[in-house]
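Trainee: Residue numbers (my numbering): 1 to 401. Using N, Cα and C, we set each Cβ at its ideal position, and we do this for glycine too. Just so you know, these numbers come straight off a predicted model, no measurement behind them.
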Amino acid sequence: MNKKYVFLTMFSLALLLSCSKQKTVTETIDDSLAFSARQYTLMAEVMKDKPCLLPRSINKEGKLVADSSKSWISGFFPGSLWYLYETTRNTKFLEYAKLINTRVEREKFRTNNHDVGFILYCSFGNGLRLTGEKSYNDILLTGAKSLATRFNPKIGSIKSWERPDKWQYPVIIDNMMNLELLFWASKYSGDSTFYKMAVSHANNTLKNHYRPDYSCYHVVSYDTLTGKVDKRQTAQGYADESAWARGQAWGLYGYTMTYRETKDRKYLDHAINIAKYLINQPNLPVDKIPYWDFNAPGIPNEPRDASSGAIMASALIELSQYVDPEFSKKCISIAEDQIRSLSSPAYRATEGSNGNFILMHSVTSKPKNLEVDNPLAYADYYFLEAMLRLKAIQKKESGIN
Numbered sequence: 001m002n003k004k005y006v007f008l009t010m011f012s013l014a015l016l017l018s019c020s021k022q023k024t025v026t027e028t029i030d031d032s033l034a035f036s037a038r039q040y041t042l043m044a045e046v047m048k049d050k051p052c053l054l055p056r057s058i059n060k061e062g063k064l065v066a067d068s069s070k071s072w073i074s075g076f077f078p079g080s081l082w083y084l085y086e087t088t089r090n091t092k093f094l095e096y097a098k099l100i101n102t103r104v105e106r107e108k109f110r111t112n113n114h115d116v117g118f119i120l121y122c123s124f125g126n127g128l129r130l131t132g133e134k135s136y137n138d139i140l141l142t143g144a145k146s147l148a149t150r151f152n153p154k155i156g157s158i159k160s161w162e163r164p165d166k167w168q169y170p171v172i173i174d175n176m177m178n179l180e181l182l183f184w185a186s187k188y189s190g191d192s193t194f195y196k197m198a199v200s201h202a203n204n205t206l207k208n209h210y211r212p213d214y215s216c217y218h219v220v221s222y223d224t225l226t227g228k229v230d231k232r233q234t235a236q237g238y239a240d241e242s243a244w245a246r247g248q249a250w251g252l253y254g255y256t257m258t259y260r261e262t263k264d265r266k267y268l269d270h271a272i273n274i275a276k277y278l279i280n281q282p283n284l285p286v287d288k289i290p291y292w293d294f295n296a297p298g299i300p301n302e303p304r305d306a307s308s309g310a311i312m313a314s315a316l317i318e319l320s321q322y323v324d325p326e327f328s329k330k331c332i333s334i335a336e337d338q339i340r341s342l343s344s345p346a347y348r349a350t351e352g353s354n355g356n357f358i359l360m361h362s363v364t365s366k367p368k369n370l371e372v373d374n375p376l377a378y379a380d381y382y383f384l385e386a387m388l389r390l391k392a393i394q395k396k397e398s399g400i401n
């Protein structure tokens, strides 16, 4: 058994129990946000001297790995800077965020990538929300129009990848996250076409990606002639029939968001069922940070995926606002445990280490041996989002404006 993973399990459990006695979750969040601001100040200073690049992870030597704006991860760093501006109101983060946003603007014209939503809504969407900058509207609307070109009316879904060697028309569960840009575009433009596309995609995904136990497939490919399902497979999970952890988290987040935007009860019911599947998952560790795949054969000697834990926490916090009081408390309790765990030394880096990323121990693709047990830009983004969402609820409940 790999001693590193055993240590992580035991250490994170000990920290979780210790922190629960010593710090409130509010104190834990405040500490992690202050650390994140210091850590990302270091990151932003490094990235200022790397024009056109966005941080992704680190290599085997611990050196920063950065991608161009074409990468699906490119919107997460500017998005994190916007979140840090939101919580600190420090103008240095405002200036960093504005600067880094310019590096991804050109992706508004991309029509060969379904992740335009991730790229633009995390960056310019947050910027618009926090500043009201009018020029961001045009950038987001152009991006939504580009994303809409990937919708096939016969299939009723947005195409994810261009992989004719393997799939005719692949749609991945991750793509649920990009619908938020289309919902925004419909409200802003008054054009219901965007809304209808998003709803059609959500309906098809609900129908074809999910199993009876509310776990989901990673990839569903459609026959372009008939519009029917051709294959159900995985690209990043352990096996076609396994439950790849981040995919389950994407689905939970995506259907919670879709309910928010549509108020259609079937999406809320589906999100609740996904949440129950995850909360009651027998292979969810005691510190609530998932293994990279819930069916990975070597559990407990398998890598954790902090990014899955962060996405799940953020989604559960939002979901808690739409459900009955008893289940709401359960959602918040799990999310609080995840935030405590991610804030502990078991997952949170030390200042100036880890390539200046906030969190350690995430996994991009274990089957491809790609960024296994690494920091990842999107893990940081959803960790920050989860903390800010929980703080907002706490403020609301305490009557603080």
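Counting pairs of Cβ atoms below 8 Å between the segment 333-350 and the segment 51-64, do you hit three or more?
Mentor: No, they do not touch.
Trainee: Would you tell me roughly how many angstroms separate the C-alpha atoms of N235 and T364, rounded to the nearest one?
Mentor: Taking the first residue of the sequence shown as 1, we reach residue 235 at position 235. Taking the first residue of the sequence shown as 1, we reach residue 364 at position 364. Rather than Asn, the amino acid found at residue 235 in this sequence is Ala. Computed Cα separation, rounded: 11 Å.
Trainee: Between which two residues does the beta strand (DSSP E) harbouring F371 extend?
Mentor: Counting from one through the sequence shown, the residue named residue 371 turns up at place 371. According to the sequence provided, residue 371 is Glu. The question's Phe does not apply to it. Counting along the chain, the beta strand (DSSP E) containing E371 begins and ends at L370 to N374.
Trainee: According to DSSP, is N175 part of a helix, a strand, or is it coil?
Mentor: As a first step, residue 175 must be located in the sequence shown, where it is residue number 175. It is helical.
Trainee: Helix, strand or coil, according to DSSP, for W244 in the structure here?
Mentor: Start at 1 with the first residue of the sequence shown, and residue 244 comes out as number 244. Strand at W244.
Trainee: May I have the straight-line CA-CA distance separating S430 from G399, to the nearest angstrom?
Mentor: Residue 430 falls outside the range modelled here, since the chain spans only 1 to 401, and no answer is possible.
Trainee: What is the rounded straight-line gap between the Cα of E371 and the Cα of S362?
Mentor: Within the sequence shown, numbered from 1, the residue matching residue 371 stands at position 371. Within the sequence shown, numbered from 1, the residue matching residue 362 stands at position 362. Their backbone Cα atoms lie some 8 Å apart in a straight line.
Trainee: When we look at the beta-carbon of L225 and count the other beta-carbons within 10 Å, is it buried (16 or more) or exposed?
Mentor: Mapped onto the sequence shown, residue 225 falls at position 225. With fewer than 16 Cβ atoms within 10 Å of its Cβ, L225 is classed as exposed.
Trainee: Look up S433 in the DSSP assignment and give the residues it is bridged to.
Mentor: Beyond the ends of the chain as shown, which are 1 and 401, falls residue 433; an answer cannot be given.
Trainee: At what residues does the alpha helix (DSSP H) containing V25 begin and finish?
Mentor: Within the sequence shown, the letter at position 25 stands for residue 25. Here the alpha helix (DSSP H) through V25 covers V25 to K48.
Trainee: Does R340 come out as helix, strand or coil in the three-state DSSP assignment?
Mentor: Position 340 of the sequence shown, counted from the start, is the residue given in the question as residue 340. It is helical.
Trainee: I'd like to confirm the pairing. Which residues does DSSP put opposite P55 in its beta bridges?
Mentor: Along the sequence shown, one-based indexing puts residue 55 at 55. A66, per the DSSP bridge assignment.
Trainee: Under 8 Å, do E302 and A296 count as touching if we go by C-beta distance?
Mentor: For the purposes of this step, residue 302 is taken as the residue at position 302 of the sequence shown. For the purposes of this step, residue 296 is taken as the residue at position 296 of the sequence shown. Yes. Within cutoff.
Trainee: Which stretch, first to last residue, makes up the beta strand (DSSP E) that contains S440?
Mentor: Because the chain spans 1 through 401 in this model, residue 440 falls outside it and cannot be assessed.
Trainee: Out of S123, F194 and R348, point me to the one whose CA is closest to I289's CA.
Mentor: In the sequence shown, residue 289 corresponds to position 289, counting from 1. Measuring from the Cα of I289, the nearest candidate turns out to be R348.
Trainee: Could I get the ranges of all uninterrupted alpha helix (DSSP H) runs contained in the segment 275-342, with 4 residues as the minimum, in chain order?
Mentor: Correct list: 306-319.
Trainee: With the cut-off set at 8 Å, would you say K368 and W292 are in Cβ contact?
Mentor: If you number the sequence shown from 1, residue 368 lands on position 368. If you number the sequence shown from 1, residue 292 lands on position 292. No, the pair does not count as a contact, with Cβ atoms beyond the cut-off.
Trainee: Under the rule that 16 or more other beta-carbon atoms within 10 Å means buried, what is S192, buried or exposed?
Mentor: In the sequence shown, residue 192 corresponds to position 192, counting from 1. S192 should be labelled exposed.
Trainee: Excluding the 5 residues flanking T87 on each side, which residues of the same chain have their C-beta closer than 7 Å to its C-beta?
Mentor: One-based indexing of the sequence shown puts residue 87 at position 87. Within the same chain, T87 has close Cβ partners L33 and L388.
Trainee: Which residue wins for smallest C-alpha separation from R260, given the options Q248, Y195 and Y217?
Mentor: Reading the sequence shown from its first residue, position 260 is the one you call residue 260. Nearest C-alpha to R260: Y195.
Trainee: I'd like to check one pair, V219 with P170: are the Cβ atoms closer than 8 Å?
Mentor: Taking the sequence shown and counting its residues from 1, one reaches residue 170 at position 170. Taking the sequence shown and counting its residues from 1, one reaches residue 219 at position 219. In contact: P170 and V219 (Cβ atoms closer than 8 Å).
Trainee: Under DSSP, the alpha helix (DSSP H) around T91 begins and ends at which residues?
Mentor: Here residue 91 corresponds to residue number 91 of the sequence shown, with the count starting at 1. Taken as a continuous stretch (DSSP letters only), the alpha helix (DSSP H) holding T91 covers T91 to N101.
Trainee: Return the chain-ordered list of same chain residues with a C-beta closer than 6 Å to the C-beta of Y382, the five sequence neighbours on each side being excluded.
Mentor: The residue labelled residue 382 in the question sits at position 382 within the sequence shown. Excluding positions up to five away in sequence, the list reads A310, I311 and S314.
Trainee: With 16 other CB atoms within 10 Å as the buried threshold, where does K145 fall?
Mentor: The sequence position of residue 145 within the sequence shown is 145, counting from 1. Counting Cβ neighbours within 10 Å, K145 comes out buried, since at least 16 surround it.
Trainee: Provide the residue span of the alpha helix (DSSP H) that contains V116, from first to last.
Mentor: Here residue 116 refers to the residue found at position 116 when the sequence shown is read from its first residue. Element bounds for V116: V116 to L120.
Trainee: Would you kindly check if the distance between the Cβ of K231 and the Cβ of S215 is under 8 Å?
Mentor: What you label residue 215 is simply residue 215 of the sequence shown in a count that begins at 1. What you label residue 231 is simply residue 231 of the sequence shown in a count that begins at 1. Cβ atoms of S215 and K231: not closer than 8 Å.
Trainee: By Cβ distance below 6 Å, which residues in the same chain neighbour N126 in space, the five residues on each side in sequence not counted?
Mentor: Taking the first residue of the sequence shown as position 1, residue 126 is located at position 126. The residues are G79 and W82.
Trainee: Report the partner residues of I158 according to the DSSP bridge assignment.
Mentor: Start at 1 with the first residue of the sequence shown, and residue 158 comes out as number 158. DSSP lists F151 as partners of I158.
Trainee: Compute the Euclidean distance between the alpha carbons of T262 and S353, then round it to the nearest angstrom.
Mentor: Indexing the sequence shown from 1 puts residue 262 at position 262. Indexing the sequence shown from 1 puts residue 353 at position 353. Computed Cα separation, rounded: 42 Å.
Trainee: Reducing DSSP to helix, strand and coil, say where R163 ends up.
Mentor: Position 163 of the sequence shown holds residue 163. Three-state result, R163: coil.
Trainee: Is F294 closer than 8 Å to A245 when the C-beta atoms are compared?
Mentor: The residue given as residue 245 occupies position 245 in the sequence shown. The residue given as residue 294 occupies position 294 in the sequence shown. In this structure, F294 lies closer than 8 Å to A245 by Cβ.
Trainee: Can you give me the start and stop residues for the alpha helix (DSSP H) that T364 sits inside?
Mentor: Position 364 of the sequence shown, counted from the first residue, corresponds to residue 364. Per DSSP, T364 belongs to no alpha helix (DSSP H); it is in the beta strand (DSSP E), S362 to S365.
Trainee: Following the continuous alpha helix (DSSP H) through S398, name the residue where it begins and the one where it ends.
Mentor: Looking up residue 398 in the sequence shown gives position 398. From DSSP, the alpha helix (DSSP H) with S398 extends over A377 to S398.
Trainee: If you draw a straight line from the C-alpha of L390 to the C-alpha of E107, how long is it?
Mentor: As a working mapping, residue 390 is identified with position 390 in the sequence shown. As a working mapping, residue 107 is identified with position 107 in the sequence shown. Each residue's Cα considered, the two are about 31 Å apart.
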